[in-house]
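>
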DNA sequence: AATGAGGAGATTGTATCCACCCTGCTAGGG
DNA sequence: CCCTAGCAGGGTGGATACAATCTCCTCATT
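Residue numbers (my numbering), protein chains in the order written: chain A, 1 to 236; chain B, 237 to 472.
#1: For residue 120 (chain A), report the span of its alpha helix (DSSP H) as first-last.
#2: When the cut-off is 8 angstroms and only beta carbons count, does residue 238 (chain A) lie next to chain B?
#3: Starting from residue 300 (chain B), follow its DSSP beta bridges and name the residues at the other end.
#4: Any chance you could list the alpha helix (DSSP H) runs of at least 4 consecutive residues sitting entirely within the region 400-434 of chain B, in chain order?
#5: Under 8 angstroms Cβ to Cβ from residue 418 (chain B), same chain only, skipping five residues before and after it: list those, please.
#6: If you check the beta carbons only, do residue 330 (chain B) and residue 403 (chain B) fall under 8 angstroms apart?
#7: Answer yes if the region 64-80 of chain A comes into contact with the region 193-213 of chain A, meaning at least three C-beta pairs across the two stretches below 8 angstroms, and no otherwise.
#8: Ordered along the chain, which non-local residues of its own chain (more than five positions away) have a Cβ less than 6 angstroms from that of residue 97 (chain A)?
#9: For the alpha helix (DSSP H) that contains residue 499 (chain B), what are its first and last residues?
#10: Could you tell me the alpha carbon to alpha carbon distance between residue 192 (chain A) and residue 62 (chain A), rounded to whole angstroms?
#11: What is the residue span of the alpha helix (DSSP H) that residue 385 (chain B) lies within?
#12: Would you say residue 346 (chain B) faces chain A, with C-beta separation under 8 angstroms as the test?
#13: Starting from residue 268 (chain B), follow its DSSP beta bridges and name the residues at the other end.
#14: If contacts are defined as beta-carbon pairs under 8 angstroms, then residue 14 (chain A) and residue 52 (chain A) qualify, I think. What distance do you get, rounded to the angstrom?
#15: Along chain B, in chain order, which residues have C-beta atoms closer than 7 angstroms to that of residue 156 (chain A)?
#16: Can you find a CB in chain B that lies within less than 8 angstroms of the CB of residue 140 (chain A)?
#17: Whole angstroms are fine: how far does the CA of residue 383 (chain B) sit from the CA of residue 355 (chain B)?
#18: Under 8 angstroms: do the region 272-282 of chain B and the region 307-320 of chain B share three or more Cβ pairs, one atom per stretch?
#19: Please return the same chain residues whose Cβ sits closer than 6 angstroms to the Cβ of residue 425 (chain B), not counting the five positions on each side in sequence.
#20: Starting from the Cα of residue 11 (chain A), find the closest Cα among A:48, A:58, A:25 and A:20 and give me that residue.
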């Protein structure tokens with residue numbers, strides 16, 4: 001969330017910390033975020049906390065009610081669909097641009113990361129204990145393919161907007177989808193393979209089309225997940 | 237810039253005011269924005285000013301240097317191209333969605349607004365005095381077609397992202413392009429007519445393709461304008 | 001004359017303080 | 001018994017005060 005030049009470290013880092021608490025599910029959805037509590041928790045005053053919360057509000061992660069405080073925003077399913085529809089177009093653009101810019105080494109690394117992700121989700125499914133609380137660090141690799149494409153697209157604005165979208169909703173939802181559902185896991189891997197193939201051939205149009213369909217499909221799955229778990233905490 | 241629930245009125249309104257000062261060119265590019273000055277100017281304390289500036293920073297309109305203050309960000313031409321490339325995809329998506337949702341009355345009103353804009357730019361070109369300092373209020377109608385499509389697209393996230401993009405750069409640049417250049421004026425009007433025709437026929441794919449090309453062309457013109465006026469103030 | 005150290009002024013970043021707003025409880029009246 | 005007005009408490013929004021940092025000017029030294 002730092003467009004070009006880094007602003008002050010403290011409030012941005014603070015916003016990152018709070019955002020991480022929300023995205024990881026450490027702070028349940030709907031829980032009010034008390035400025036005084038956060039200030040005490042981080043050993044600072046309320047002023048930076050206020051600014052950090054406002055920053056999170058601008059990205060749509062929390063709601064700010066006039067004199068009542070801030071609460072973690074609970075995304076309704078149709079919002080998820082809207083977001084993924086936009087994300088699909090942006091990811092498609094990124095894929096189209098990346099197709100003519102990716103080096104063969106990078107593509108090889110993308111294949112490896114994709115296979116590694118597949119193996120990881122399989123192993124996590126085998127251990128049903130950890131299936132629910134997917135460690136965000138490990139499954140953050142799920143996005144390893146996408147960031148590689150974003151970077152290769154060489155469009156800072158595009159990268160930033162996709163980054164912002166990724167920080168809009170708790171990120172453990174797509175992760176649990178991969179772990180808990182065999183079909184999703186297979187389809188995700190297969191989609192990625194197809195996309196990488198198109199990128200390897202330098203076929204931007206096909207990569208874009210595949211990517212758009214892939215993201216829309218994922219969005220549909222995430223939205224369905226939210227529909228199933230509606231009015232429920234999103235702790236995984 | 238208010239995602240869903242309105243936060244406090246003051247800072248948001250303040251951010252709008254400052255943003256308007258920047259977008260309208262009232263504050264020259266590169267001029268530092270002093271918190272104390274703004275606070276005194278609006279008769280308030282520095283605290284809300286800080287938060288408003290941070291809000292503007294998150295949209296990329298200003299730069300925040302750690303202990304040195306905020307300055308209006310000068311967009312470099314390649315940034316403009318990047319932004320318009322993203323905007324083209326989003327506008328294309330909006331057009332595709334709008335094609336199946338627009339009522340015939342709305343389309344009629346869009347035609348009228350488009351013709352009115354054409355007449356307005358012609359009259360402004362006839363009066364060379366006001367050509368340079370195009371009143372933003374009048375030429376804000378240039379966007380009348382686009383917001384109508386955004387609204388008809390019925391995707392809040394998409395609308396918000398397009399809105400944010402529109403607030404990223406001084407808006408008088410596309411305006412002067414329309415006023416000062418006959419070919420741009422003609423092409424713009426013609427593009428709009430074609431897009432409206434496609435929308436009237438409910439042809440989403442064609443509307444999207446036309447819109448994408450239209451936005452990319454406009455972006456190219458704007459980027460060229462910036463290239464010509466590089467290291468110059470953007471006052472028109 | 002050029003360069004670097006040092007200090008004064010200005011400006012931002014953070015902390016603290018006060019006033020207003022909102023909410024929930026309680027008491028009084030219908 | 002129910003409904004409404006009033007009051008107390010918690011919490012945020014804004015103002016003010018203080019500390020830290022940066023810039024620029026000045027002056028001494030090479």
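We put the CB at the ideal spot given by N, CA and C, even for glycine.
If we stick to the structure as given:
#1: 104-126
#2: A query on residue 238 (chain A) cannot be resolved here, the shown segment of chain A reaching from 1 to 236 and no further.
#3: B:306
#4: 408-416
#5: 361
#6: no
#7: no
#8: 153
#9: For chain B, the structure presents residues 237 to 472; residue 499 (chain B) sits outside this window and is missing.
#10: Between residue 192 (chain A) and residue 62 (chain A), the C-alpha separation is close to 32 angstroms.
#11: 381-389
#12: no
#13: The beta-bridge partner set that DSSP reports for residue 268 (chain B) consists of B:307.
#14: 4 angstroms
#15: Those within 7 angstroms of residue 156 (chain A) in chain B are 318.
#16: Caution is warranted here: a pLDDT of 47 is assigned to residue 140 (chain A), below 50, making its placement in the model unreliable, and the coordinate value is therefore given only provisionally. Taking Cβ atoms only, chain B never reaches closer than 8 angstroms to residue 140 (chain A), which makes this a no.
#17: Here the alpha carbon of residue 355 (chain B) sits roughly 20 angstroms from the alpha carbon of residue 383 (chain B).
#18: no
#19: 354
#20: A:48
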